[in-house]
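Structure first, then comments.
In full-length UniProt numbering, the protein residues as written are 1 to 130.
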């Protein structure tokens, strides 16, 4: 038998398990796009960052917080995404990061369902996933 696993081996085991587990869904992560002469943020316009596997849990199915949930993504993130696309086509706006687990294998992000609003704005994807 081998010795105890180090944290990198544990993280790698979680990522391998997520590839085959039906509990982990694919998500696409997007960052708010910038541009123009002053490189300012472009409203409702996003660029693809990366793909990750994870889970989505809604806080409530009805009530005042029915739109808010928690996405738990496997991996280490140095930059928090601004928008997440779930595998069911649902857009999720990022509210804030909730931190990594003790091993650093996953990261929790507070999200809200993307609201279409009065003008029925959907996110504009300037650079989509390859």
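Ideal placement from N, C-alpha and C gives every residue a C-beta, glycine not left out.
For residue 36 and residue 22, I'd like the C-alpha separation in whole angstroms.
Taking the chain shown and counting its residues from 1, one reaches residue 36 at position 36. Taking the chain shown and counting its residues from 1, one reaches residue 22 at position 22. One C-alpha to the other measures close to 42 Å.
field: Residue(s) in a DSSP beta bridge with residue 70
entry: Counted from its first residue, the chain shown places residue 70 at position 70. Paired residues: 57 and 110.
Point to revise | Beta-carbon proximity of residue 98 to residue 84, cut-off 9 Å | key: For this step, residue 98 is matched to residue 98 along the chain shown. For this step, residue 84 is matched to residue 84 along the chain shown. In this structure, residue 84 does not lie closer than 9 Å to residue 98 by Cβ.
Less than 9 Å between the C-beta atoms of residue 73 and residue 27, yes or no? Along the chain shown, read from residue 1 onward, the residue named residue 73 stands at position 73. Along the chain shown, read from residue 1 onward, the residue named residue 27 stands at position 27. Yes, these two residues count as a Cβ contact at 9 Å.
message = Please return the same chain residues whose Cβ sits closer than 8 Å to the Cβ of residue 134, not counting the five positions on each side in sequence.
response = Nothing about residue 134 can be read from this structure; the chain reaches only from 1 to 130.
#### Entry: Boundaries of the beta strand (DSSP E) in which residue 95 is found, first to last residue
Numbered from its first residue, the chain shown carries residue 95 at position 95. From DSSP, the beta strand (DSSP E) with residue 95 extends over 91 to 100.
Open item on the list: Given this structure, state the Cα-to-Cα distance separating residue 105 from residue 18, to the nearest angstrom.
Closed with: Position 105 of the chain shown, counted from the start, is the residue given in the question as residue 105. Position 18 of the chain shown, counted from the start, is the residue given in the question as residue 18. Taking the straight line joining both Cα atoms gives about 11 Å.
Checklist line | Own chain residues within Cβ distance below 6 Å of residue 58, not counting five before or after | finding: One-based indexing of the chain shown puts residue 58 at position 58. Same-chain partners within the cutoff: 69.
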